[in-house]
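Peer 1: If you're matching them up, the sequences are chains G and V in order.
Residues 0 to 247, numbered by numbering that gives the first Met the number 0, are exactly what the first sequence covers, in order.
Residues 0 to 247, numbered by numbering that gives the first Met the number 0, are exactly what the second sequence covers, in order.
No residue lacks a Cβ here, since even glycine has one placed at the ideal position from N, Cα and C.
I have a structure I would like to understand better, so I am pasting it below and will then ask my questions one at a time.
2 protein chains.
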Amino acid sequence: MLVRSQVKYIQSLAHKKFRDEQAVFVAEGPKLVGELLVSGNTPAVDIFGVRDWIDAQPRHPGKSTGHSPYHEVSASELERLSTLTTPNQVVGIFRKPVFPSPDFDQSVTLLLDGIQDPGNLGTIVRIADWFGIRQVVCSPECADVFNAKTVQSTMGSICRVQVLYDELAGWIGRHADLPSYAAVLDGVSLYQLKKIRRGIIVIGNESHGIRQELLTRIAHPLTIPRIGNAESLNAAVATGIILSHVVG
Amino acid sequence: MLVRSQVKYIQSLAHKKFRDEQAVFVAEGPKLVGELLVSGNTPAVDIFGVRDWIDAQPRHPGKSTGHSPYHEVSASELERLSTLTTPNQVVGIFRKPVFPSPDFDQSVTLLLDGIQDPGNLGTIVRIADWFGIRQVVCSPECADVFNAKTVQSTMGSICRVQVLYDELAGWIGRHADLPSYAAVLDGVSLYQLKKIRRGIIVIGNESHGIRQELLTRIAHPLTIPRIGNAESLNAAVATGIILSHVVG
């Protein structure tokens with residue numbers, strides 16, 4: 000059974016401030032929670048599941064010792080904890096993943112300038128994971144990657160892709176030796192590029208693009224050639240297309 | 000000022016049945032409404048805008064004759080009409096676009112098998128438009144392209160891309176001479192394909208993929224090679240990547 004303090008605690012985690020203080024985040028649904036439980040990188044703090052879900056879990060350390068993170072809740076209790084329109088069996092609180100120091104010099108890093116839509120950000124993290132990108136650097140205006148909606152959109156990639164926040168102009172300045180690419184509307188055709196094994200790729204905010212102060216630091220502005228008439232592509236879709244051509 | 004019957008009418012258009020009966024759909028926001036107003040393909044039926052928006056419109060036939068589709072509403076009236084979290088100046092009712100008969104034999108057609116998420120469907124229509132695809136055939140299980148959320152996600156491409164609904168197995172059977180491609184998990188690498196100028200590309204439901212009865216009719220199953228660990232890609236992202244390689 001849920002106690003009031005538990006409900007309040009989980010609800011407080013809707014706020015970045017509390018997630019940061021506790022270094023935890025919330026994930027929902029059997030698939031995502033199941034993946035995080037075995038990731039080895041996101042220790043479970045508390046897992047609130049309906050009986051059917053709990054019963055289906057393999058035995059785990061602590062399940063029978065009283066130190067178990069598993070708590071059985073009723074369907075209506077789950078509804079109080081969930082941020083989903085349709086609550087889905089389980090709500091879990093996990094420690095934020097910890098990653099080894101990234102090797103920016105020998106890999107491709109994705110830089111995001113002001114991706115404010117939480118779903119877009121999560122989808123981009125998932126795309127990065129598909130293409131083997133291990134780190135994403137977000138400008139401070141980007142959504143928080145541990146936002147509930149972002150976590151859900153990553154579909155588990157949040158435990159495999161390291162997402163950092165930094166001022167991008169300074170960051171690019173400190174990595175000026177890396178080949179730099181950026182998605183713009185009037186650059187070189189993406190299809191003319193060779194594959195890259197190291198460097199940075201900057202994706203901008205969908206409405207405003209990439210800030211000028213960043214663009215001036217980018218050696219290779221590139222464009223996805225347009226054949227038809229749509230004015231733009233969604234930032235996540237553009238990211239997928241670019242990565243498929245330059246690292247795929 | 001809004002009258003009650005107008006409010007009820009617009010609210011009824013949240014239902015596919017009423018949209019179909021009237022052959023109309025709803026679009027919101029200055030950018031999308033502005034684009035539809037000049038499309039030549041989606042005549043305006045009624046446009047409800049706040050004063051600032053109305054005042055900013057160019058003179059148009061009927062604006063001063065009493066036959067104008069423009070109605071001024073207050074911010075709170077707009078809120079009653081809008082389906083957006085943040086209503087945005089204008090809500091418009093438009094006639095559904097009418098297209099010339101598609102030439103399936105001489106172009107690329109996108110087939111969607113069970114894309115149920117309205118936002119995903121709209122994003123795919125927008126991607127099709129970017130890559131010059133003029134027609135999309137949806138299985139009956141797909142979301143309705145005139146759903147409010149889908150219309151918004153198309154960002155105006157709904158007036159340029161013809162979206163049809165049909166049983167896909169029968170449709171493919173009737174176009175058996177066309178080269179056929181489908182996104183699957185264990186096909187030929189997308190990167191080995193040559194560009195195509197005619198044919199069909201089938202995209203499946205994200206959770207369940209493409210139905211077996213369709214897959215058996217597809218000559219060229221293809222796959223976006225995975226480097227990292229994400230289990231899948233969002234259907235819209237996959238569509239963008241595939242189109243950039245085969246028609247881009």
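Apart from the five residues on each side of it in sequence, which residues of its chain come closer than 6 angstroms, Cβ to Cβ, to G/Asp45?
Peer 2: Same-chain partners within the cutoff: Pro68 and Ile92.
Peer 1: Would DSSP call G/Val236 helix, strand or coil?
Peer 2: Three-state DSSP puts G/Val236 in a helix.
Peer 1: Cα separation between G/Val136 and V/Thr238?
Peer 2: The straight-line gap from Cα to Cα measures roughly 26 angstroms.
Peer 1: May I ask which residues mark the beginning and end of the beta strand (DSSP E) holding G/Ala127?
Peer 2: Here G/Ala127 belongs to no beta strand (DSSP E); instead the alpha helix (DSSP H) covers Pro117 to Trp129.
Peer 1: DSSP state of G/Leu110, grouped into three classes?
Peer 2: Here G/Leu110 sits in strand by DSSP.
Peer 1: V/Gln151 to V/Ala13, Cα distance in whole Å?
Peer 2: Roughly 13 angstroms between the two C-alpha positions.
Peer 1: Could you tell me if V/Ala235 is buried or exposed, where buried requires 16 or more neighbouring beta carbons within 10 angstroms of its beta carbon?
Peer 2: By the 10 Å Cβ count, V/Ala235 comes out buried.
Peer 1: Determine, for G/Asn87, whether the minimum Cβ-Cβ distance to residues of chain V falls below 8 angstroms.
Peer 2: No, its Cβ sits nowhere closer than 8 angstroms to a Cβ of chain V.
Peer 1: Just checking, does the region 191 to 199 of chain G make contact with the region 224 to 234 of chain G on the three C-beta pairs under 8 angstroms criterion?
Peer 2: Counting Cβ pairs under 8 angstroms, fewer than three are found: no touch.
Peer 1: Between the Cα of G/Leu232 and those of V/Val72, V/Gln5, V/Gly48 and V/Trp129, spot the shortest distance and give me the residue it belongs to.
Peer 2: Checking every option, the nearest Cα to that of G/Leu232 belongs to V/Trp129.
Peer 1: Mapping the DSSP letters down to three states, classify V/Glu78 as helix, strand or coil.
Peer 2: Helix at V/Glu78.
Peer 1: Label G/Leu184 either buried or exposed according to how many other C-beta atoms from any shown protein chain fall within 10 Å of its C-beta, with 16 as the threshold for buried.
Peer 2: By the neighbour-count rule (16 or more Cβ atoms within 10 Å), G/Leu184 is not buried but exposed.
Peer 1: By the 8 angstroms beta-carbon criterion, what residues does the region 113 to 124 of chain V contribute toward chain G?
Peer 2: Those would be Thr122, in chain order.
Peer 1: Does V/Val201 come within less than 8 angstroms of chain G when only Cβ atoms are used?
Peer 2: V/Val201 does not count as touching chain G.
Peer 1: Go ahead and label G/Arg18 buried or exposed: buried means 16 or more other beta carbons lie within 10 angstroms of its beta carbon, across all protein chains shown.
Peer 2: G/Arg18 comes out buried.
Peer 1: Since G/Leu213 contacts G/Ile132 with CB under 8 angstroms, what's their CB separation in whole angstroms?
Peer 2: That pair is no contact at about 19 angstroms.
Peer 1: Are the CB atoms of V/Val246 and V/His219 within a distance shorter than 8 angstroms?
Peer 2: Not in contact: V/His219 and V/Val246 (Cβ atoms no closer than 8 angstroms).
Peer 1: Between G/Trp170 and G/Arg159, what straight-line distance do the alpha-carbon atoms span, to the nearest angstrom?
Peer 2: If you take the alpha carbons of G/Trp170 and G/Arg159, they lie about 22 angstroms apart.
Peer 1: With a threshold of 8 angstroms between beta carbons, is G/Tyr190 in contact with chain V?
Peer 2: Taking Cβ atoms only, chain V reaches closer than 8 angstroms to G/Tyr190, which makes this a yes.
Peer 1: Can you give the Cα-Cα distance for G/Ser100 and G/Leu163, rounded to whole angstroms?
Peer 2: Rounded to the nearest angstrom, the two C-alpha atoms are 11 angstroms apart.
Peer 1: Tell me G/Val162's beta-bridge partners as DSSP assigns them.
Peer 2: Its beta-bridge partners are G/Val135.
Peer 1: Whose C-beta lies closer than 6 angstroms to the C-beta of G/Leu1 among residues of the same chain, with five residues either side of it excluded?
Peer 2: Cβ within range, chain order: Val72 and Glu76.
Peer 1: For G/Gln105, I'd like the list of residues in its chain whose CB is within less than 7 angstroms of its CB, leaving aside the five on either flank, ordered along the chain.
Peer 2: So the list reads Arg197, once near-sequence residues are dropped.
Peer 1: Using 10 angstroms around the beta-carbon of V/Ala43, count the other beta-carbons present and answer buried if the total reaches 16, otherwise exposed.
Peer 2: Buried: at least 16 other Cβ atoms inside 10 Å.
Peer 1: Keeping to the same chain, check which residues put their C-beta closer than 6 angstroms to that of V/Pro96; ignore five residues upstream and five downstream.
Peer 2: Counting only Cβ-Cβ distances below 6 angstroms, and skipping sequence neighbours, we find Asn40, Thr41 and Cys158.
Peer 1: Quick check on V/Gly203: does DSSP put it in helix, strand or coil?
Peer 2: Looking at V/Gly203 - three-state DSSP - the assignment turns out to be strand.
Peer 1: Taking the straight line between their C-alpha atoms, what separation do you get for V/Ala257 and V/Ala147?
Peer 2: The question about residue 257 of chain V has no answer, for chain V in this structure spans 0 to 247.
Peer 1: Under 8 angstroms between C-beta atoms, does V/Asp128 make it to chain G?
Peer 2: Yes, V/Asp128 lies at the interface with chain G (some Cβ there is under 8 angstroms from its Cβ).
Peer 1: Using the C-alpha atoms, what's the distance from V/Leu36 back to V/Val90?
Peer 2: Taking the straight line joining both Cα atoms gives about 12 angstroms.
Peer 1: Is the shortest distance between the beta-carbon of V/Ile46 and the beta-carbons of chain G less than 8 angstroms?
Peer 2: Not closer than 8 angstroms to any Cβ of chain G, the Cβ of V/Ile46 fails to qualify, so no.
Peer 1: Strictly below 9 angstroms CB to CB, what residues from chain V border G/Met154?
Peer 2: The answer, in chain order, is Ala229, Glu230, Ser231 and Asn233.
Peer 1: Which ranges would you report for the beta strand (DSSP E) in the region 12 to 70 of chain V if only whole runs of at least 3 residues count?
Peer 2: Correct list: 23 to 27 and 43 to 48.
Peer 1: Could you tell me the alpha carbon to alpha carbon distance between G/Gly121 and V/Leu167, rounded to whole angstroms?
Peer 2: Answer to the nearest angstrom: the Cα atoms are 32 angstroms apart.
Peer 1: Quick check on V/Pro96 - is its C-beta less than 8 angstroms from some C-beta in chain G?
Peer 2: Judged by the 8 angstroms Cβ criterion, V/Pro96 is not in contact with chain G.
Peer 1: Evaluate V/Pro261 with the Cβ neighbour count: other Cβ atoms within 10 Å of its Cβ, from every protein chain shown; 16 or more gives buried, anything less gives exposed.
Peer 2: Outside the displayed span of chain V (0 to 247) sits residue 261 of chain V, for which this structure offers no information.
Peer 1: The alpha helix (DSSP H) that contains V/Arg173, what's its start and end?
Peer 2: From DSSP, the alpha helix (DSSP H) with V/Arg173 extends over Leu167 to Arg173.
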